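Beneath this line is the structure, given in structure tokens, with notes to follow.
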Amino acid sequence: MMSNDNADQSLPNFDRLNVLIVEDEAIISFLIEDMLRELGCSTVRNVAGIDEALTALDEERPDVAVLDVNLDGVEVYPVAERLRERGVPFVFTTGYGADGLAPAWAHMPVVQKPFRSEMLARALEAVLAKP
């Protein structure tokens, strides 16, 4: 894990962002959380399933979300739909890359696993820059 003193200064700083991670693999979820904290995100909430994610969205609106496409065999698209309805930007993560997305979501940013913090940062920067 990098300390902030050694962080790549060319990466964006997501200071004070509130992020929702929807990821069913705990180790990957914690790894993404570490990456986001290194990028300056102040609040990171991890959930592992669709129902938990929808409940989290009812409780608090995140600034951005990171969604694993496949949650223990269940696709995350109901969460993506709710985020889209509420105007919350998000990125997908999957081991299959863009080919792992359903055709209706193929236009959305996807970060292929395994990924480094730079890849995640660039994807988040892109969705946060959209009006």
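For the record, in the sequence shown the residue sitting at position 119 is 116 according to my numbering, with numbers rising by one throughout. We treat Cβ as the ideally placed atom computed from N, Cα and C, and that holds for glycine. Computed from a predicted model, the values in this text were never measured in an experiment.
Compare the C-alpha of residue i against each of the options and name the closest.
i           : options         : result
residue 80  : 40, 96, 57      : 57
residue 118 : 49, 104, 63     : 63
residue 15  : 60, 69, 67      : 60
residue 21  : 37, 36, 47      : 47
residue 43  : 36, 29, 55, 78  : 29
residue 19  : 32, 55, 49, 116 : 49
residue 94  : 68, 112, 77     : 112
residue 55  : 72, 114, 17, 71 : 17
residue 100 : 72, 127, 68     : 72
residue 27  : 82, 114, 69, 84 : 114
Quick one: what's residue i bridged to in DSSP?
i          : result
residue 89 : 64, 107
On the three-state DSSP scale, how would you describe residue i?
i           : result
residue 42  : strand
residue 119 : helix
residue 125 : helix
residue 112 : coil
residue 99  : coil
Please return the same chain residues whose Cβ sits closer than 8 Å to the Cβ of residue i, not counting the five positions on each side in sequence.
i           : result
residue 98  : 66, 89, 91, 105, 107
residue 34  : 41
residue 110 : 25, 90, 91, 92
residue 37  : 10, 11, 12, 13, 14
residue 51  : 75, 76, 79
residue 102 : 74, 77, 89
Residues in the same chain with beta-carbon distance under 7 Å from residue i, minus the five sequence neighbours each way, listed in chain order, please.
i           : result
residue 120 : 88, 106, 108
residue 125 : 61, 86
Residue i CB to nearest chain B CB: under 9 Å?
i          : result
residue 25 : The displayed structure is made up of one protein chain only, and chain B is not part of it.
Looking only at its own chain, which residues have a Cβ that is under 6 Å from the Cβ of residue i, when we skip the five neighbours before and after it?
i         : result
residue 2 : Note that residue 2 scores a pLDDT of 41, beneath 50, so its modelled location is shaky; the value from the coordinates is reported in the next line. Excluding sequence neighbours, residue 2 sits near nothing in its chain.
What beta strand (DSSP E) runs, 3 residues minimum, are completely inside the region 11 to 40? 15 to 19
Could you name each continuous beta strand (DSSP E) segment of 3 residues or more that falls completely within the region 56 to 83, going from the start of the chain to the end? 61 to 65
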